[in-house]
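Peer 1: Protein chains in written order, with this note's numbering: chain B, 47 to 321; chain U, 306 to 464.
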Amino acid sequence: MQIAVASGKGGTGKTTVSTSLALCAEGGVQFLDCDVEEPNGHIFLKPELTESYRHTVTVPRIMTDSCTYCGKCRNICRFNAITMFGQTIMSFSDLCHSCLGCFLVCENKAIVRAAREIGVVERGRAGDIDYVHGRIRVGEAMAVPLIEEVKKKAALASLVIIDAPPGTSCPFVESVSDADFVLLVTEPTPFGLHDLRLTVQVLRNFAKPCGVLINRSDLGDDGVEKWCRVENIPVMLKIPFDRTIAEGYARGDTLVKSRPDLRQPLKNLLREIFQ
Amino acid sequence: MKIAISSTGANLQAGVDPRFGRAAFLLIYDTDNREVVEVVNNAEGQDAAQGAGISVAGLIAQKGVAAILTGRVGPKAMAVIDKAGIKVISGVMGTVEEAIKSFMTRTKRQEPAHAAKARAAGVVPRSGCRSGKGRQGSGCGAGMGKGQGGRGMGRSPGR
Numbered sequence: 047m048q049i050a051v052a053s054g055k056g057g058t059g060k061t062t063v064s065t066s067l068a069l070c071a072e073g074g075v076q077f078l079d080c081d082v083e084e085p086n087g088h089i090f091l092k093p094e095l096t097e098s099y100r101h102t103v104t105v106p107r108i109m110t111d112s113c114t115y116c117g118k119c120r121n122i123c124r125f126n127a128i129t130m131f132g133q134t135i136m137s138f139s140d141l142c143h144s145c146l147g148c149f150l151v152c153e154n155k156a157i158v159r160a161a162r163e164i165g166v167v168e169r170g171r172a173g174d175i176d177y178v179h180g181r182i183r184v185g186e187a188m189a190v191p192l193i194e195e196v197k198k199k200a201a202l203a204s205l206v207i208i209d210a211p212p213g214t215s216c217p218f219v220e221s222v223s224d225a226d227f228v229l230l231v232t233e234p235t236p237f238g239l240h241d242l243r244l245t246v247q248v249l250r251n252f253a254k255p256c257g258v259l260i261n262r263s264d265l266g267d268d269g270v271e272k273w274c275r276v277e278n279i280p281v282m283l284k285i286p287f288d289r290t291i292a293e294g295y296a297r298g299d300t301l302v303k304s305r306p307d308l309r310q311p312l313k314n315l316l317r318e319i320f321q
Numbered sequence: 306m307k308i309a310i311s312s313t314g315a316n317l318q319a320g321v322d323p324r325f326g327r328a329a330f331l332l333i334y335d336t337d338n339r340e341v342v343e344v345v346n347n348a349e350g351q352d353a354a355q356g357a358g359i360s361v362a363g364l365i366a367q368k369g370v371a372a373i374l375t376g377r378v379g380p381k382a383m384a385v386i387d388k389a390g391i392k393v394i395s396g397v398m399g400t401v402e403e404a405i406k407s408f409m410t411r412t413k414r415q416e417p418a419h420a421a422k423a424r425a426a427g428v429v430p431r432s433g434c435r436s437g438k439g440r441q442g443s444g445c446g447a448g449m450g451k452g453q454g455g456r457g458m459g460r461s462p463g464r
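1) List, in chain order, every chain U residue whose beta-carbon is nearer than 9 Å to that of B/G132.
2) Less than 8 Å separating the beta-carbons of B/L192 and B/V105?
3) Give me the chain U residues within the contact set of B/L141, using Cβ-Cβ distance strictly less than 8 Å, ordered along the chain.
4) When the Cα atoms are used, what is the spatial distance from U/G442 to U/P380?
5) Any heavy atom of the ligand ZN closer than 7 Å to the CB of U/A362?
6) What do you get for U/V342, buried or exposed, if any count of 16 or more other CB atoms within 10 angstroms of its CB means buried?
7) Looking at chain U, is there any beta carbon in it that lies within less than 8 Å of the beta carbon of B/A127?
8) Output, in sequence order along the chain, the residues in the region 101 to 125 of chain B whose CB is closer than 9 Å to any CB in chain U.
9) Spell out the partners DSSP gives B/L78 in its beta bridges.
10) Alpha helix (DSSP H) containing U/M409: first to last residue?
11) Taking U/A362 as the query, report the chain B residues whose CB atoms sit under 7 Å from its CB, ordered along the chain.
12) Per DSSP, what kind of secondary structure is U/M383 in: helix, strand or coil?
13) Would you say B/Q48 and B/D226 are within 8 Å of each other, going by their C-beta atoms?
14) For the region 127 to 196 of chain B, which segments carrying the beta strand (DSSP E) assignment without a break, of at least 3 residues, lie completely within its bounds, in sequence order?
15) Could you round the C-beta distance between B/A200 and B/L78 to whole angstroms and report it? I think they count as a contact, below 8 Å.
16) Along chain B, which residues have their Cβ under 9 Å away from the Cβ of U/V344?
17) Give me the Cα-Cα distance between B/G266 and B/T65, rounded to the nearest whole angstrom.
18) On a Cα-Cα basis, can you pick out the residue from B/C119, B/F125, B/D111 that is closest to U/A354?
19) Rounding to the nearest angstrom, what Cα-Cα distance links B/N121 and U/M383 in this structure?
20) With DSSP as the reference, identify every bridge partner of B/P106, one or two as the case may be.
21) Note down the Cα distance separating U/F330 from U/Q351, rounded to an integer number of angstroms.
22) Taking Cβ positions, are U/G480 and B/A127 nearer each other than 8 Å?
23) Residues in the same chain with beta-carbon distance under 7 Å from U/I359, minus the five sequence neighbours each way, listed in chain order, please.
24) Could you name the residues of the same chain whose beta carbon sits closer than 6 Å to that of B/T290, not counting the 5 residues immediately before and after it, in chain order?
25) Please confirm if B/F77 has its CB atom under 8 Å from at least one CB of chain U.
26) Is the Cβ of B/F138 closer than 8 Å to any Cβ of chain U?
27) Three or more C-beta pairs closer than 8 Å, one from the region 82 to 102 of chain B and one from the region 169 to 184 of chain B: is that the case here?
28) So is U/V385 in contact with chain B if we call contact Cβ pairs under 8 Å?
29) Note down, in chain order, each residue of its chain lying with its Cβ closer than 7 Å to the Cβ of B/T58, except the 5 sequence neighbours on either side.
30) Could you work out which residue in B/A172, B/P255, B/F218, B/C216 is closest to B/L229 when comparing CA atoms only?
31) Measuring straight from C-alpha to C-alpha, what distance separates U/I262 and B/V151?
32) Go through its chain and collect everything with a Cβ distance to U/L317's Cβ below 6 Å, but skip five positions before and after it.
33) If you scan the region 307 to 393 of chain U from start to end, which runs of the alpha helix (DSSP H) of 4 or more residues do you find wholly inside it?
34) Figure out for me which residue from B/E293, B/G298, B/T235 has the closest Cα to the Cα of B/G54.
35) Roughly how many angstroms lie between the CA atoms of B/T300 and B/R317, to the nearest whole one?
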């Protein structure tokens with residue numbers, strides 16, 4: 047069972063909710079922080095990271111000795127990572143999306159494999175939780191291959207909780223693509239609703255089951271709830287605004303540590319998702 | 306000598322497009338015959354998800370131009386242009402016609418006799434823009450940072 051915790055809008059409480067969900071799970075649980083551009087699950091779960099390796103993607107290196115300057119590699123590249131003029135050919139590996147198209151079209155085997163490091167994957171234990179996250183290399187634009195690598199660690203048998211990146215673009219899609227359920231954390235504001243709608247729109251393309259958790263539920267307006275009713279999306283839990291939670295967060299404490307009374311509602315939420 | 310000008314339209318009266326890779330058009334102008342020899346429609350560059358500058362730089366280099374007049378060239382496109390030994394005049398504004406006129410006057414002003422005379426007379430010549438092929442770098446002009454253009458500076462896949 048894989049549950050992804052996502053939101054359109056940033057800062058609604060994905061990590062707050064996902065880390066505490068992991069702590070409320072019974073038996074073996076895995077926590078994958080797929081927000082590789084700024085992983086922060088470790089700040090709250092405090093795992094002891096024992097495994098770390100660099101992840102690379104394949105990029106072309108053009109051997110000018112065997113290049114005939116036919117231009118096929120440049121023409122197939124949708125990302126403009128290869129350009130050519132006269133007898134000069136240049137590749138820009140940081141624009142490469144590793145589709146390997148250029149390798150396929152080169153008839154002279156003038157393109158050899160080179161590697162570009164995109165980030166590191168780190169893993170460790172936090173109590174009963176098997177914790178994994180990716181950290182993208184500073185300046186790297188492609189998060190998706192690193193997210194794929196983090197997701198490869200997902201164990202089939204146990205419960206896997208994925209902390210997804212905000213937004214609705216490729217990194218989000220990759221993070222939730224294998225999830226059995228997506229829990230959408232939002233806030234009751236026009237911004238929260240706007241981005242929630244976008245997210246639901248994306249998820250409907252995959253026919254993913256999803257539910258909503260409204261954080262800071264006693265602030266803002268009732269727009270989110272009304273919309274969820276109309277769209278027939280269950281509001282599964284509401285967490286009111288509470289200074290105790292904010293203070294705990296600032297210290298690096300999890301939601302269930304700041305508010306132990308929320309443990310039971312979160313357990314119920316997990317049970318509801320399982321059904 | 307052939308030069309390329311990034312342009313918002315297909316003729317000399319159009320404004321210089323401050324963007325290089327995402328310019329609407331690139332006009333190839335022959336300074337000897339004083340005519341536009343080619344109009345490159347850059348719709349593809351404008352729509353490119355990324356790497357527009359690189360692609361256009363390669364295309365322009367293929368056409369054998371000696372100089373590029375534009376607003377600003379990004380670092381990746383500049384790497385291609387440098388390799389091709391094309392001179393870049395950035396910070397260019399106004400119409401394409403004005404830009405060409407200004408470029409040609411300045412190129413003429415670089416004549417050694419004139420420069421020597423100016424020096425002798427104690428006149429400080431305006432910043433040099435040598436037209437020799439193979440000289441690399443940004444050349445003269447008003448420099449960077451002028452008018453990035455309001456419309457889409459590429460499409461961010463980001464949040």
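The beta-carbon is built from N, C-alpha and C at its ideal position, and this holds for glycine as well.
Source: prediction; values computed, not measured.
Peer 2: Once the coordinates are examined:
1) Those are A366, Q367, G369, A389, listed as they occur along chain U.
2) Contact: no.
3) The contacting residues are Q355, G356, I359, K381.
4) Below a pLDDT of 50, predicted positions are generally treated as unreliable, and U/G442, at 43, falls in that range; the measurement from the model is reported next regardless. Cα to Cα, U/G442 sits roughly 11 Å from U/P380.
5) Looking for the ligand ZN in the displayed structure turns up nothing, as the structure carries no ligands at all.
6) So U/V342 ends up on the exposed side.
7) In terms of beta-carbon proximity, B/A127 lines the interface with chain U, with at least one pair separated by less than 8 Å.
8) Correct list: R120, C123, R124, F125.
9) Checking the DSSP bridge columns, you'll see B/L78 partnered with B/V178, B/I208.
10) Run containing U/M409: 401 to 414, per the alpha helix (DSSP H) assignment.
11) The contacting residues are T129.
12) Helix.
13) Yes. Within cutoff.
14) Those beta strand (DSSP E) runs which fall completely within the region 127 to 196 of chain B and span 3+ residues are 128 to 131, 134 to 137, 157 to 172, 175 to 182.
15) Yes, they are in contact, since the Cβ atoms of B/A200 and B/L78 sit about 6 Å apart, within 8 Å.
16) Within 9 Å Cβ-Cβ: nothing; U/V344 doesn't reach chain B, min ~19 Å.
17) Between B/G266 and B/T65, the alpha-carbon positions lie close to 25 Å from each other.
18) The shortest C-alpha separation from U/A354 is found at B/F125.
19) Per the coordinates, the alpha-carbon of B/N121 lies some 21 Å from the alpha-carbon of U/M383.
20) Answer by DSSP bridge pairing, in chain order: B/R159.
21) Going by C-alpha positions, U/F330 is about 10 Å away from U/Q351.
22) For residue 480 of chain U there is no data in the structure shown, the boundaries of chain U being 306 and 464.
23) The residues are K381, A382, V385.
24) Excluding positions up to five away in sequence, the list reads S304.
25) At a cut-off of 8 Å between C-beta atoms, B/F77 does not count as an interface residue with respect to chain U.
26) The C-beta of B/F138 comes closer than 8 Å to at least one C-beta of chain U.
27) They touch, by the three-pair rule.
28) In terms of beta-carbon proximity, U/V385 lines the interface with chain B, with at least one pair separated by less than 8 Å.
29) Hits under 7 Å: V231, T232, E233, G238, N261.
30) Closest by C-alpha distance to B/L229, out of B/A172, B/P255, B/F218, B/C216, is B/P255.
31) The question about residue 262 of chain U has no answer here: the residues shown for chain U are numbered 306 through 464.
32) When the five nearest sequence neighbours on each side are left out, the beta carbons in the same chain lying within less than 6 Å of the beta carbon of U/L317 are those of V401, E402, in order along the chain.
33) If only complete runs of 4 or more residues are kept, the region 307 to 393 of chain U shows the alpha helix (DSSP H) at 348 to 352, 357 to 367, 380 to 389, in order along the chain.
34) Ranking B/E293, B/G298, B/T235 by Cα distance to B/G54 puts B/T235 first.
35) So the alpha carbons of these two residues sit roughly 20 Å apart.
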